[in-house]
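Trainee:
Protein chains in written order, with this note's numbering: chain Y, 1 to 444; chain V, 445 to 544; chain A, 545 to 1022.
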């Protein structure tokens, strides 16, 4: 019996909470983590009768920049739409989101050498938060609207993932890009980056294209870390594969991941699927982004990780491994480049500095690049030598090499290297820059 | 001319979409009324609009934004935010348990 | 001195000249409220008497420079008033006290107006007669057994009975113009976006226009000069400048004014449940003749898509209503959704239906296309004429309870008014006489941002006919 091939087909929907000062449609502080409940609200984000939304310009610019960083085409015409459904954490009974004219479409990202297509990047508002509890022995739910109205960018890929490793790599890369743009902390544990994968399994050999995707897919919710994502995907792939092996087609449904129990449970079946009745948001005029405006935003993009890594490889003669680690964050990459600048004055190679940074876990926040270089230099001096001793050694070398000294005084600068070597013969490990300085002083 | 029909299930469906829970009496009462209204609005299908662009613009405005600044004028205190709620608990709105 | 006999303009002049005091005006308003409020069912909430008189005293002691200093004004109960109950005429909000003021409320207060109270209306503004209020209908100031018109029913009767000198209102499909016409008042609807909607309980977001009811055109212009303008809290208000609306006395006749009349518009009157009332039609014709005699040139214009406007409106409006009423879930404010009245439930269901999967294209999207066509109709017409003349409603004010079991009959009251909301243009209803003691109104419609011209033309007609001088014979039954 031949082995049936099961191929996981995975698409990812990632929500990123933007770190703007104010919320998406009102001027309440967007900072909500750990705040006193319902202390950061206003008529707009609380959904009070009569309140109206006005969009946050920066949130829109940042979303477009993310789209550009992901190689997307920016829509010339875009708008907001109402997504209508009822839930206690949704104060207006609709979420202002984007339906058929999102800000960005058709991007791509390369992950583990594979191209993943970005279907769209759009902007919407976050909901409030529910907390399930028990009060006086009775189950109840508590609602906090501090988070209601915070801007969320949604990044949706095509179902181009085939392995969990690629999903993991994508999440890390997307997080890195977002952090490079400094538009969000993108922290999964704190909820500023959220994942909803869709998984199905394709049977048989042959390539899976857009035209022969499996006839169902399962959406997973409640995944709060990269680790949970791996567990959930492993479980789900296994669950679906088993069903298919039994000759059953898995149901199209939404399932919630329970990390504690290590299982996914049905949340919403296809029949219960929501009819969101999208229609254009009448309270917000449409948006128009002419080419010149988009170009301006493009210029505001920082050098992105992939480009920086290549440049580090070329400019600093670093292996890819080193470059990748140094480019992990902009802060580290910038730090490295500053250290290289200072280090060049002490004949330290970029590679040497890279080694130091990579292997020694330097606290780049507290230690300035100049200070780091100083430590590196000092450590290379395997012997601690006092100024007096250096003077004595140099005096000795000058005494022992009168011809060389005369040559130098006659204009032969190359002799300096020879003299430095003589010093080193007597005492290894003294910083060459220091010795040079003393020598030149002495020689006049 | 096709006469519009509306089953009880369809009425319950749109009621559910609007988060309304109708009694059997209400379904009975609303049925003929809804049918006559839908019949009326369905007359639009008599007009050929195939070449017309749907206009959702009510103004000529475009790109109306606000700066990313905190607006202290409109911010509510916790008390104000909770002031009209039926039930609250320790600064939260309280509702009967909802199961995800 | 009785408030019922004064226009806002006269009252303001009187207070500024020292002829009377704001305290007198407020006292008269309170007296009329005490006498007639219960009978006519006008106010849902009246501000505390001591508070009102104290505000009047402050006005009297001021330099009286504020535009509405010491003037008693009332608000339709859709307007959020901080700490003052706001119900939208609905049981769901019978206990709701807003924690903020609507922008228009703030502006009126800053202009020195004294907010007397909150007025009865069709619940959620769903209605054209006032009979859909969860708190009982408001009676017509001119005849207790007839409707005041809706949805701004209380707004009309309050002004007509001297309970306030002006009343704010909203017009989504005719809700200011119909009660204006039924109550011998000027019912003004500005260009969509001219006046901020922030803080006003939304009915249909793309159709709601914020206006007011007054005794005279000059009064109407005065109120608009206070309420109009850009609001950073309402993204649909734009940046159009606010002209000096009160500068309208320069025109003394209608020479050179082209007034359009549309045969299609007249024809749709026949669609109403009993067709167009012939006595009303006669009065409307009289008004048109009067306008002609004042020097205007009457020009025929074509508005072909008027015939589809009402259907399109009753798709777009309930669709937006169904979405706007979704926030009333009883969690942060209000009673539960089971407290919604029948009309609200009907509209939410029709709205959900029109937007639902499989129906969106046939209903909502098609309605928006008709909307484009209606807008284009008006745009073309206004290339030929300055204003379009039309009736306001196809019938005289019905008796209370006459149509209550027939929602469609009530929808058809809006037949002449809804095209205006679809196009977002300004319009007003103007007193044009009486039939059997009940008021008749006519409608003037202008292009976008033509409020000033509308006031000018309306003012000429008003001064030539002086219908506002007729006062209601008030019922004294208790």
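We put the CB at the ideal spot given by N, CA and C, even for glycine. For clarity, every value in this text was computed on a predicted model and none was experimentally measured.
(1) With 16 other CB atoms within 10 Å as the buried threshold, where does residue 288 of chain Y fall?
(2) Spatial neighbours of residue 276 of chain Y within its chain, please: CB distance less than 7 angstroms, with the 5 preceding and 5 following residues excluded, ordered by chain position.
(3) With the cut-off set at 9 angstroms, would you say residue 897 of chain A and residue 482 of chain V are in Cβ contact?
(4) What residue does the beta strand (DSSP E) around residue 219 of chain Y start on, and which one ends it?
(5) Which whole runs of the beta strand (DSSP E) in the segment 911 to 990 of chain A are 3 residues long or more, in chain order?
(6) Roughly how many whole angstroms lie between the Cα atoms of residue 1 of chain Y and residue 204 of chain Y?
(7) Restricting to runs no shorter than 3 residues, where is the beta strand (DSSP E) found entirely within the segment 786 to 874 of chain A?
(8) State yes or no: is the beta carbon of residue 119 of chain Y nearer than 9 angstroms to at least one beta carbon in chain V?
(9) With a 10 Å radius around its C-beta and 16 neighbouring C-beta atoms as the bar for buried, classify residue 61 of chain Y as buried or exposed.
(10) Quick one, which residues of the segment 713 to 747 of chain A are near chain Y if we go by CB-CB under 7 angstroms, in chain order?
(11) Could you tell me which uninterrupted alpha helix (DSSP H) segments, each at least 4 residues in length, are contained entirely in the segment 639 to 722 of chain A, listed from first to last along the chain?
(12) Thinking C-alpha only, which one of Y/218, Y/155, Y/303 and Y/100 is nearest residue 72 of chain Y?
(13) Using CA atoms only, rank isn't needed, just tell me which of A/674, A/1014, A/610 and A/723 is closest to residue 936 of chain A.
(14) Relative to the C-alpha of residue 738 of chain A, which residue among A/769, A/638 and A/981 is closest?
(15) Under a Cβ-count criterion, where at least 16 other Cβ atoms within 10 Å of its own Cβ denotes burial, should residue 811 of chain A be classed as buried or exposed?
(16) Distance cutoff 9 angstroms, beta carbons only. Does residue 29 of chain Y sit that close to anything in chain V?
(17) Taking DSSP as the reference, what is the three-state secondary structure of residue 97 of chain Y?
(18) Terminal residues of the continuous beta strand (DSSP E) containing residue 143 of chain Y?
(19) Quick one: which unbroken alpha helix (DSSP H) runs of 4-plus residues sit fully inside the segment 273 to 320 of chain Y? Chain order, please.
(20) Name, going along the chain, the residues of the segment 70 to 86 of chain Y whose beta-carbon falls closer than 7 angstroms to a beta-carbon of chain A.
(21) Quick check on residue 624 of chain A: does DSSP put it in helix, strand or coil?
(22) Determine the extent of the beta strand (DSSP E) in which residue 732 of chain A is found, giving its start and end residues.
(23) Taking the alpha carbon of residue 863 of chain A as the reference point, which residue from V/540, V/458 and V/447 has its own alpha carbon closest?
(24) Please list the terminal residues of the continuous alpha helix (DSSP H) segment that includes residue 356 of chain Y.
(25) What's the C-alpha gap between residue 14 of chain Y and residue 196 of chain Y?
(26) Taking 9 angstroms as the cut-off, decide whether the C-beta atoms of residue 854 of chain A and residue 815 of chain A are in contact.
(27) Tell me residue 616 of chain A's beta-bridge partners as DSSP assigns them.
(28) Residue 445 of chain V to residue 487 of chain V, Cα distance in whole Å?
(29) Using a Cβ-Cβ distance under 9 angstroms, would residue 939 of chain A count as near chain B?
(30) Measuring only between beta-carbons, confirm whether residue 312 of chain Y sits less than 9 angstroms from chain A.
(31) Just to make sure I have the definition right: I need the residues of chain Y whose C-beta is within less than 7 angstroms of the C-beta of residue 780 of chain A. Which are they?
(32) Check whether the segment 244 to 257 of chain Y and the segment 266 to 274 of chain Y are in contact - that is, three or more C-beta pairs closer than 8 angstroms.
(33) Cα separation between residue 1022 of chain A and residue 506 of chain V?
(34) From the beta carbon of residue 262 of chain Y, is the nearest beta carbon of chain A less than 9 angstroms away?
(35) Anything in chain Y within Cβ reach of residue 899 of chain A, meaning under 7 angstroms, just list it in chain order.
(36) Comparing alpha-carbon positions, which option in V/448, V/447 and V/454 lies nearest residue 901 of chain A?
Mentor: Quick look at the numbers:
(1) Only exposed fits residue 288 of chain Y, as fewer than 16 other CB atoms lie within 10 angstroms of its CB.
(2) These residues qualify, in order along the chain: 83, 84 and 85.
(3) Yes, they are a contact pair.
(4) Its beta strand (DSSP E) spans residues 218 to 221.
(5) Restricted to the segment 911 to 990 of chain A, the beta strand (DSSP E) segments that are unbroken, complete and at least 3 residues in length are 931 to 935, 971 to 979 and 982 to 989, listed in chain order.
(6) The predicted position of residue 1 of chain Y is uncertain, since its pLDDT is 45 and thus under 50; no value can be drawn from it.
(7) At a cut-off of 3 residues, the continuous stretches assigned as beta strand (DSSP E) that sit fully inside the segment 786 to 874 of chain A are 802 to 805 and 841 to 844.
(8) For residue 119 of chain Y, the answer is no, since every Cβ of chain V falls outside 9 angstroms of its Cβ.
(9) Buried, by the Cβ-count rule.
(10) Those would be 741, 742, 743, 744, 745 and 746, in chain order.
(11) Runs found: 647 to 654 and 697 to 704.
(12) Taking the Cα of residue 72 of chain Y as reference, the smallest distance to any Cα among Y/218, Y/155, Y/303 and Y/100 is reached at Y/155.
(13) Closest option to residue 936 of chain A, Cα to Cα, is A/723.
(14) The residue among A/769, A/638 and A/981 with its C-alpha nearest the C-alpha of residue 738 of chain A is A/769.
(15) Exposed is the call here.
(16) Yes, because at least one Cβ of chain V sits closer than 9 angstroms to the Cβ of residue 29 of chain Y.
(17) Note: residue 97 of chain Y maps to strand in three-state DSSP.
(18) Counting along the chain, the beta strand (DSSP E) containing residue 143 of chain Y begins and ends at 138 to 144.
(19) Whole alpha helix (DSSP H) segments, 4+ residues: 291 to 299 and 305 to 316.
(20) Taking 7 angstroms as the Cβ-Cβ cut-off against chain A, the residues of the segment 70 to 86 of chain Y that qualify are 82, 84 and 86.
(21) Residue state, collapsed to three classes: coil.
(22) Going by DSSP, residue 732 of chain A is part of the beta strand (DSSP E) stretching over 730 to 733.
(23) Ranking the options by Cα distance to residue 863 of chain A, first place goes to V/458.
(24) Per DSSP, residue 356 of chain Y belongs to the alpha helix (DSSP H) from 350 to 360.
(25) Rounded to the nearest angstrom, the two C-alpha atoms are 6 angstroms apart.
(26) A Cβ-Cβ contact shorter than 9 angstroms links residue 854 of chain A with residue 815 of chain A.
(27) Paired residues: A/658.
(28) Residue confidence is low: residue 445 of chain V scores 44 on pLDDT, short of 50, so the model does not pin down where it sits. Its coordinate-derived value is still stated next. Rounded to whole angstroms, residue 445 of chain V and residue 487 of chain V show a C-alpha spacing of 10 angstroms.
(29) The structure shown contains no chain B; its protein chains are Y, V and A.
(30) Judged by the 9 angstroms Cβ criterion, residue 312 of chain Y is not in contact with chain A.
(31) Those are 283 and 285, listed as they occur along chain Y.
(32) These segments touch.
(33) With a pLDDT of only 43 at residue 1022 of chain A, under 50, the local geometry of the prediction cannot be trusted, and the value read off the model is given with reservation. Answer to the nearest angstrom: the Cα atoms are 55 angstroms apart.
(34) For residue 262 of chain Y, no CB of chain A lies under 9 angstroms from its own CB, so it is not counted at the interface with that chain.
(35) Within 7 angstroms Cβ-Cβ: 277 and 279.
(36) Nearest option by C-alpha distance: V/454.
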